[in-house]
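First residue of the sequence shown? That's 3 in our numbering, and the numbers climb one at a time after it. C-beta atoms are modelled at their ideal positions from N, C-alpha and C, and glycine is treated no differently. Fair warning: this is a prediction, and the values are worked out from it, not measured in the lab. First the structure, in the form of structure tokens, and then the observations on it.
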Amino acid sequence: MRLRRQRPGRERGVAVITALLLTTLAISIVASLFWQQQVQVRSMENQRLHLQTKWILRGALDWATLVLFQDGVDHRQYTSLDQVWATPLADTRLDQYVERERVEGESFDASLSGSITDACSRYNLRNLGLGKGQLSESQIEIFERLLRNLQLDTGLARRIATFVAAGLPVTAGEENDDPAKQVQATPVIGAPVKILEVEDLLTVKGVTPAVVERLRPFVTVLPQATPVNVNTAPAEVLAALVPNMSVSEANTLIVRRKQAAWRETTYFAEQVHSESRPLTEGSYAVKSDWFLVDTRIRLDRAALDAQALIHRSSALVAGGGPKVVWIRQY
């Protein structure tokens, strides 16, 4: 009789434990399902934010090309820093323009900022090579002076020029500067690589990351050889164009330039040219055809920093506007 009284109690204990285990298992399954659903929702939301940043970037570049197009119409002879394109876009709120469900009390940040830089205000490393591995001695001299102004080893000039020239495409006759007419040689294993950006200089002996960072604000790599725009160039680059000119003298020219930009190359040459300061023909200009557009987009958790190269020439302005050459995202 005593054993029969204990069995129902034991059975009830087992039932309680079983019920607890089943409840725990059910809670775990439900929590797992909710977690998977939350991950999927978050993933879809991230994809949506990423897609929206892409569209904002596209709109920003459309705006930049429109500004450059209008500037090309208004100022056909020269490009200077007092024109509309040189005005940076301050941090602009986009919250009310982004399509999404509004949640009361929720903080949603969306902003856009950017700027346009004259790529021709920097020294174009493409100028160092003439094609088929040939070097431009006059351009090497200019680059040496730039390195000296930046307190870098001038011996790097010829090594960098050799690297640039070795990677240039095979060209014919006078078509060197026309990217559309260039014929790229058949790729060969171990063959020199064409320079595409400043970071590629790290493969040159003696060029360190510190050297690249020092050069970055003053040099660029464009698809074709270009003169330096004296209306937008910094003092270090301006002084490199003129033999025996110091950076302080170049700064004096910049102060004068702010009052009145040079509208023709002859005006600039008259102010700096002399027997001791012979200018290299074709190394300078007062108008630019290449521009860098930097864009910074913040959209809630998503962020996108991008740089685009835009080509604008008289022919492009007349035939439909500037063209985006490439976009690099960071």
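Drop a sphere of 10 angstroms on the beta-carbon of Lys207, count the other beta-carbons inside from all chains shown, and report buried for 16 or more, exposed for fewer. exposed
Residue range of the alpha helix (DSSP H) that Ile162 falls in? Leu158 to Ala168
Mind checking which residues open and close the alpha helix (DSSP H) that includes Ile144? Glu139 to Asn151
Contact check, Trp292 vs Thr210, beta carbons under 9 angstroms: no
If you check the beta carbons only, do Ile142 and Arg128 fall under 9 angstroms apart? no
Taking a contact to mean a Cβ-Cβ separation below 9 angstroms, would you say Glu238 touches Asn151 in this structure? yes
Residues of its chain near Ser115, where Cβ-Cβ distance is below 7 angstroms and the 5 sequence neighbours each way are ignored: Leu91, Ala92, Asp93, Thr94 and Arg298
For the alpha helix (DSSP H) containing Arg259, name the first residue and the last one. Val249 to Gln261
Any beta carbon of chain B sitting closer than 9 angstroms to that of Ala21? Checking the listed chains, one finds no chain B in this structure; it contains a single protein chain.
Check Ile197 in the structure and name its three-state DSSP category. coil
Please report how far the alpha carbon of Asp307 lies from the alpha carbon of Arg60, in whole angstroms. 13 angstroms
Enumerate in chain order the residues of its own chain whose CB-to-CB distance from Asn246 is below 8 angstroms, with the five nearest sequence positions on each side excluded. Ser278 and Arg279
Measure the C-alpha to C-alpha separation of Tyr248 and Val274 and round it to an integer number of angstroms. Note on identity: in this sequence residue 248 is Ser, with Tyr being the wrong assignment. If I take the Cα positions, the gap works out to 12 angstroms.
Counted within 10 angstroms of its Cβ, other Cβ atoms place Thr81 as buried (16 or more) or exposed: buried
How about Val213 and Asp202: do their beta carbons lie closer than 9 angstroms? no
Once DSSP output is grouped into helix, strand and coil, what is the label at Ser276? strand
Reducing DSSP to helix, strand and coil, say where Gly133 ends up. strand
Just how far apart, CA to CA, sit Gln49 and Glu272? 57 angstroms
Please name the residue, chosen from Val232, Glu283, Leu281 and Leu51, that lies closest to Arg258 on a Cα-to-Cα basis. Val232
Using only the alpha-carbon positions, how far apart do Leu137 and His52 sit? 44 angstroms
For Tyr286, tell me which candidate among Ala241, Leu294 and Ala317 has the shortest Cα-Cα distance. Ala241
Using CA coordinates, which residue listed in Lys260, Gln261, Glu266 and Pro236 is at the minimum distance from Ser250? Pro236
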